[in-house]
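Enquirer: Mapped onto the numbering used here, the consecutive letters of the sequence shown carry residue numbers 5 to 97.
Pasting a structure below so you can have a look.
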Amino acid sequence: MDYVYAILIGYMCGSIPTAYWLGKFVYRLNIFEHGSKNMGATNVFRVLGKKPGMFTLMIDIVKGMAPVLIVRHLFPENPPAAFAAAAAALTGH
């Protein structure tokens, strides 16, 4: 059951659309309609500039780290569950 929770935590964290939300709610811009039309930090760099791009990149990094740290805290006796969380975060991203 540890793996199920780890995968859910990882996937949910990884699937948060940081670039889309930043563009939509802060800059009132649909990132899918500009630049490469991709929802990612690189397109945010191109379209919105360096500061929003760095912010998006940092949040994306945290989205990968947070599930691993959470799962390691919740299930310290099961280190492979942290790997499952990392893989799920990558899949969700």
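C-beta: ideal position from N, C-alpha, C; glycine also.
1. Excluding sequence positions up to five away, which residues of its chain have a Cβ less than 6 Å from the Cβ of residue 48?
2. Locate the alpha helix (DSSP H) running through residue 9, then write down its first and last residues.
3. In whole angstroms, what separates the C-alpha of residue 97 from that of residue 74?
4. Name the two residues that bound the continuous alpha helix (DSSP H) containing residue 43.
5. What do you get for residue 65, buried or exposed, if any count of 16 or more other CB atoms within 10 angstroms of its CB means buried?
6. CA-CA distance, residue 76 and residue 43?
7. Quick one: residues in its chain with C-beta nearer than 6 Å to the C-beta of residue 95, no 5 flanking neighbours on either side, listed in chain order?
Expert: Per the coordinate set shown:
1. For residue 48, where only same-chain residues beyond five positions count, the Cβ hits under 6 Å are 23, 56, 57 and 60.
2. Here the alpha helix (DSSP H) through residue 9 covers 6-18.
3. Spanning the two alpha carbons is a distance of roughly 17 Å.
4. No alpha helix (DSSP H) holds residue 43; DSSP gives it neither H nor E.
5. Looking at its Cβ environment, which holds fewer than 16 other Cβ atoms inside 10 Å, residue 65 is exposed.
6. Computed Cα separation, rounded: 29 Å.
7. Excluding positions up to five away in sequence, the list is empty.
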